[in-house]
Every structure is written in structure tokens, then in C-alpha cells.
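What follows is one structure encoded as C-alpha cells, with my remarks underneath.
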Amino acid sequence: MDITWHVKNLSSRQMIVVPLVLAILLAGAILVRGIPSSQDFKTGTLIRVRGLDNVPDAVAVEQIVEGLLATDVDVKVTDNTGLDIEVGGDIDEIKENQVIEVLSTEFAGAELEILHKGSVITSIFKEQAWKAIVGAFIAMAAVLFFTFRHSVAVGVMILCVAFDALGALGGMAILQVPLSFGSIAGILMIIGYSVDTDILLSNHMLKRIGGNARERAADAMKTGLMTAGTTITALVVINLLTNAPLLYELSAAMIFGVLADLINTWFLNVGVLSRHIERRQRREYYVSD
Numbered sequence: 001m002d003i004t005w006h007v008k009n010l011s012s013r014q015m016i017v018v019p020l021v022l023a024i025l026l027a028g029a030i031l032v033r034g035i036p037s038s039q040d041f042k043t044g045t046l047i048r049v050r051g052l053d054n055v056p057d058a059v060a061v062e063q064i065v066e067g068l069l070a071t072d073v074d075v076k077v078t079d080n081t082g083l084d085i086e087v088g089g090d091i092d093e094i095k096e097n098q099v100i101e102v103l104s105t106e107f108a109g110a111e112l113e114i115l116h117k118g119s120v121i122t123s124i125f126k127e128q129a130w131k132a133i134v135g136a137f138i139a140m141a142a143v144l145f146f147t148f149r150h151s152v153a154v155g156v157m158i159l160c161v162a163f164d165a166l167g168a169l170g171g172m173a174i175l176q177v178p179l180s181f182g183s184i185a186g187i188l189m190i191i192g193y194s195v196d197t198d199i200l201l202s203n204h205m206l207k208r209i210g211g212n213a214r215e216r217a218a219d220a221m222k223t224g225l226m227t228a229g230t231t232i233t234a235l236v237v238i239n240l241l242t243n244a245p246l247l248y249e250l251s252a253a254m255i256f257g258v259l260a261d262l263i264n265t266w267f268l269n270v271g272v273l274s275r276h277i278e279r280r281q282r283r284e285y286y287v288s289d
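Printed below as a string of C-alpha cells:
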């Protein structure tokens, strides 16, 4: 099976259509399902239990705390030695003391910490997170234009990076991976990863000599797929073996982004650059005649 078949046989327009359809579907998933927010961006109360000797039963703890507070509670095991108990909204001092008393009895010797987050703090966190993503995009675009100086190549690189970020967010919406500091860090890392694969392709198609543009793209694709395969393998191992929410959310966002990058780089970017090179060659042919 030739994994580069589409590069050699599909028209530029056909290659471009595939990632555009995927982007529409992912945008629809985000609009329909939405992306849940982690405790990093929620108002409410976070109860941390640390220093446990055994892996706790999160479901049992959730039922106990819900019975005390009469509200929805989300309990997560962290690194097999602790619990994060997320409560939507603030709890008063009486209920807080009741929860501490029950948890202290249930987990003797454990360290307990209660954190309260107001709407002002969480809104500041969200604003700073989106500023980081937008700032990374602007810095990336400026560096690319300054160093590459090829408007078509740089333009499609930026579009691919945007679609990769959309892929990460769309995957998070489909599987309900929460938006957190970890997942945002993953999206920021995807920006750098995406630029690397796009530069690999652009250098092969625009600057290398030998064979036609599509053959050079197919050669670059083999290297790119090897890189993507090793990256995804490492991220899947991290995702499956860790109980730390931060690492789970970071690796999940990156897995979705790398998978989206496979489509965007080797269909959208190849399609746009092939179309550009083929049109330029036709113009040069007619001018020479």
C-alpha cells in the first residue's frame, strides 16, 4: 500500500477539500457539544486530599460528599496518592467543616486543603489563556514571514496551524476533555509541532531539486509520518499510564492536534503548494513560448 497515493494521484482541489470538510465537522462538534471547563476555569470550591496510603474509591467518596452538600460533585484520583473533589459553587462554613470532619475520619493522616475560586479570578485566567494562544499565533506568523518570505507558503502554514488548533479543540469537544492549563499548554505545543512539519514540506517542494513537486512532497511525507507516529506513540503511553489530570489533558490535546496535522499538512498544504507550483510552471511555459 502506497501511503503517498493521494499526493501523486489526486488533484490539488480534491486534496484541499478533505481538510476543509474536516474543519467544518470539527467546528460543528465544538458548537454542538461544547468544551467543558476544568476547575482551572470554573468558579466554585476545590477540596484537595493528599498523602493517601492506598488508591481511594472515587465513586464512594463522590457519593459521600454529594450526600453532605446536596449538590453535584466531581472526584478525580491524582497520582494514586490523592483526590481532587470539585464542587460547583461556594459552600458555607458549616458544610465545609462537615466535609473536613468526614474526610479526616475517612482518610486519617491525609492532608486536606480547600480552595475557593470566584468569577473574577477565573475570568482573568481565561483571558490570559486565550491571550497566550493568540500571542503565540502572532509571534509564529511574524517569524515565518521574516524568515521564509514566501507569501503562499507562509499563508497556508498559518492556515494549517489554525486548523490543527481547531482539530485539538474539536477532539476535546467530542471526547469531553476539559479545557485546562494542561490542554492549553498542549495546544501551544501543537503550534510549534505544526510549523515544523509545514516547513519540512515547504522546503522539499519549493527549494529541493530533483523530481517533480509531488514526488518531493511524497518524500517529505514519509519523514513526516515517521515523526508523527513516534510522537503519537509517546503521547498515547503518557495518556494511558498517568493519573495526573494535567498530563492527561495535555497529552490528549496534543494527540488530537497531531492527528489533525496529518490531514492538514499532507492534504491542505500539499494541495495549495502543488496548485501554486503547477500554475507557476504553466505561466513560465507560456512565457517561454
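Position one of the sequence shown corresponds to residue 1 (my numbering), numbered consecutively onward. For glycine and all other residues, C-beta sits at the position ideal for the given N, C-alpha and C. Since this is a predicted model, take the numbers as computed values, not measurements.
Simplified DSSP assignment, three categories, for residue i
| i | result |
| --- | --- |
| T227 | helix |
| T242 | coil |
| I114 | strand |
| L10 | coil |
| G171 | helix |
| S37 | strand |
| V55 | coil |
| K42 | coil |
| R149 | coil |
| I187 | helix |
| V177 | coil |
| G210 | coil |
| G257 | helix |
| D84 | strand |
| T71 | coil |
| I47 | strand |
Beta-carbon contacts of residue i that lie in its chain and below 6 Å, excluding the five residues immediately before and after
| i | result |
| --- | --- |
| G170 | L26, A29, I30 |
| F308 | This structure gives no information on residue 308, because the portion of the chain shown stretches from 1 to 289. |
7 Å Cβ shell around residue i - same chain, five flanking residues per side excluded
| i | result |
| --- | --- |
| I35 | L169, M172, A173, L179 |
| D53 | none |
| I277 | M205, A213 |
| I238 | L247, S251 |
Rounded C-alpha distance that separates residue i from residue j
| i | j | result |
| --- | --- | --- |
| D261 | L273 | 16 Å |
| E106 | G51 | 13 Å |
| V7 | G192 | 24 Å |
| E62 | L83 | 10 Å |
| M226 | A220 | 10 Å |
| S251 | L20 | 25 Å |
| S151 | A141 | 11 Å |
| G109 | V55 | 15 Å |
| L115 | L103 | 15 Å |
| E249 | V177 | 7 Å |
| Q98 | I64 | 11 Å |
| T291 | F148 | With the chain covering only 1 through 289, there is no way to say anything about residue 291. |
| K126 | M1 | 46 Å |
Residue burial classification, residue i (beta-carbon count within 10 angstroms, cutoff 16)
| i | result |
| --- | --- |
| S11 | exposed |
| K42 | buried |
| D57 | exposed |
| E111 | exposed |
| V143 | exposed |
| I209 | exposed |
| I100 | exposed |
| G157 | Rather than Gly, the amino acid found at residue 157 in this sequence is Met. Its Cβ being crowded by 16 or more others within 10 Å, M157 is buried. |
| D164 | buried |
8 Å Cβ shell around residue i - same chain, five flanking residues per side excluded
| i | result |
| --- | --- |
| A218 | T4, V7, K8 |
For the structure I just gave you, are there three or more beta carbon pairs, one from the stretch 196 to 204 and one from the stretch 255 to 271, closer than 8 Å?
A contact between stretches requires three or more CB pairs, one per stretch, nearer than 8 Å, and the stretch 196 to 204 meets this requirement with the stretch 255 to 271.
Across the stretch 184 to 191 and the stretch 124 to 139, are there enough close Cβ pairs to call them in contact, namely three or more that are closer than 8 Å?
Contact between the stretch 184 to 191 and the stretch 124 to 139 is present, because at least three Cβ pairs lie under 8 Å.
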